[in-house]
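Protein chains: 2
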Amino acid sequence: MTGTGTGGTAADIRAADEDRVFAALANATRREVLRLLRNEGPQPVQALADHFAMRRPSLSEHLKVLREAGLVSEQRSGRRRIYRLEAAPLAEVQDWLHPYERFWRERLKGLGELLDRMPDDDRP
Amino acid sequence: MTGTGTGGTAADIRAADEDRVFAALANATRREVLRLLRNEGPQPVQALADHFAMRRPSLSEHLKVLREAGLVSEQRSGRRRIYRLEAAPLAEVQDWLHPYERFWRERLKGLGELLDRMPDDDRP
DNA sequence: TTGACGCGTAGGCAAACCCCTACCTATTGT
DNA sequence: ACAATAGGTAGGGGTTTGCCTACGCGTCAA
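Heads up: the protein sequence lines correspond to chains A and B, in order.
Numbering-wise (full-length UniProt numbering), the first sequence opens with residue 1 and increments by one.
Numbering-wise (full-length UniProt numbering), the second sequence opens with residue 1 and increments by one.
Dropping the structure here:
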């Protein structure tokens, strides 16, 4: 749609990456997997699965989503696969967030100024 | 659901809020709506809808999702409803992101140290 | 007052999501 | 070689998402 011919511009690819990352983060189980990898370090699948009520194959699919978003990597060690947090895509989320930052800061700043202009008696 | 008897702790409520925000951000149309409100200021629905290929009622549903996530607010002005960006929930996303920050910074830092230890001749 | 405008909601439908139970391959220990 | 272990994949089913058209309600202009 946005490309020439059959498409695939650099911007399209970046947008698709962004979409995969946000979509991956939309699920609470996947966010919890990221938290576990962050707090407890790299782990095989079963160790991760022990933290959840769901069956292992379901977790495997979540790991696939995280892998395709670049948020985890796997390293084979014998018959186990050690999953590791890859935080780089989260930096892109932070970049996405950045232009909004002044909006919530303005709100806080505005509140501060409101309090500054308010007579002490009227303050909450 | 969130009553006193059947559960619904403060942590549950925060978790549900977090889930709504991440879910709202999982859609490219909704992220684009936020960007438009940020760049062009508060607008009625039709002005927003003009930027998309979809029909207005579909956009209305996206706005509902954003409203329930607290990411936009509406102000009635005659028969129009002016939507405004509410960035506060994005601060929670930033808070969520924060403990991961050192992971991608470590990666960059590690790269920097590698370059530091590398003889100048070997640098890329 | 009556018609046009702005917008939300209802209902339908296809696709995607998320869980499950088999099942398959690869590796390891006996 | 064989059984057990680790984990991915296939296929099925219920629920959710995201789009549509049709419609209802409130507001403004003629």
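Just so it is clear, CB atoms sit at the ideal spot from N, CA and C, and this is done for glycine as well.
Could you pull the start and end residues of the beta strand (DSSP E) that GLU86(B) belongs to? It is not in any beta strand (DSSP E) - GLU86(B) carries neither H nor E in the DSSP assignment.
Own chain, CB closer than 7 Å to LEU25(B), minus 5 neighbours either side, in chain order: Answer for LEU25(B): ARG31, listed in chain order.
Flag VAL65(A) as yes if its beta-carbon sits less than 8 Å from any beta-carbon of chain B, otherwise no. With 8 Å as the cut-off, VAL65(A) does not count as an interface residue toward chain B.
Run through DSSP, which three-state label would PRO57(B) get? DSSP places PRO57(B) within a helical segment (H, G or I) once states are collapsed to three.
Within 10 angstroms of the Cβ of ASP23(A), are there 16 or more other Cβ atoms? Answer buried if so, exposed if not. Reading off the sequence shown, one finds Ala at residue 23(A), where the question assumed Asp. The residue in question, ALA23(A), is buried, as its Cβ has 16 or more Cβ neighbours within 10 Å.
Can you find a CB in chain A that lies within less than 8 Å of the CB of ARG117(B)? Any answer about ARG117(B) is weak, because its pLDDT of 44 lies below 50 and its placement is not dependable; what the coordinates show is given next. Not one beta carbon of chain A lies nearer than 8 Å to the beta carbon of ARG117(B).
Could you pull out every residue in the same chain whose Cβ sits closer than 7 Å to the Cβ of VAL65(B), ignoring the five residues on either side in sequence? Within its own chain, the residues whose Cβ lies closer than 7 Å to the Cβ of VAL65(B), once the five positions on either side in sequence are excluded, are ALA24 and ARG30, listed in chain order.
Check whether the Cβ atoms of PRO42(A) and GLY70(A) sit closer than 8 Å, and answer yes or no. Against a cut-off of 8 Å, the Cβ pair of GLY70(A) and PRO42(A) comes out as no contact.
Quick one: does PHE103(B) have its CB under 8 Å from some CB of chain A? With a threshold of 8 Å between beta carbons, PHE103(B) makes contact with chain A.
If you count every other CB in all the chains shown that lies within 10 Å of the CB of HIS98(B), and 16 or more means buried, which is it? In this structure HIS98(B) is exposed. Its beta-carbon is surrounded by fewer than 16 other beta-carbon atoms within 10 angstroms.
Straight-line Cα distance separating ARG55(A) from ASN39(B): Looking at the two C-alpha atoms, the distance is approximately 45 Å.
Would ASP52(B) count as contacting chain A if we go by Cβ distances under 8 Å? The question names Asp, but residue 52(B) in the sequence shown is Phe. Chain A, which has no Cβ nearer than 8 Å to the Cβ of PHE52(B), makes this no.
Provide the residue span of the beta strand (DSSP E) that contains ARG76(B), from first to last. Bounds of the beta strand (DSSP E) holding ARG76(B) are 72 to 77.
Taking the alpha carbon of ARG83(A) as the point to measure from, which residue in LEU36(A), GLU101(A), TRP104(A) and ALA91(A) has its own alpha carbon closest? In the sequence under discussion, the amino acid at residue 83(A) is Tyr, which differs from the Arg named in the question. For TYR83(A), the closest C-alpha among the options LEU36(A), GLU101(A), TRP104(A) and ALA91(A) is that of LEU36(A).
Going straight from the alpha carbon of GLU86(A) to that of GLU101(B), what length do you get? About 11 Å.
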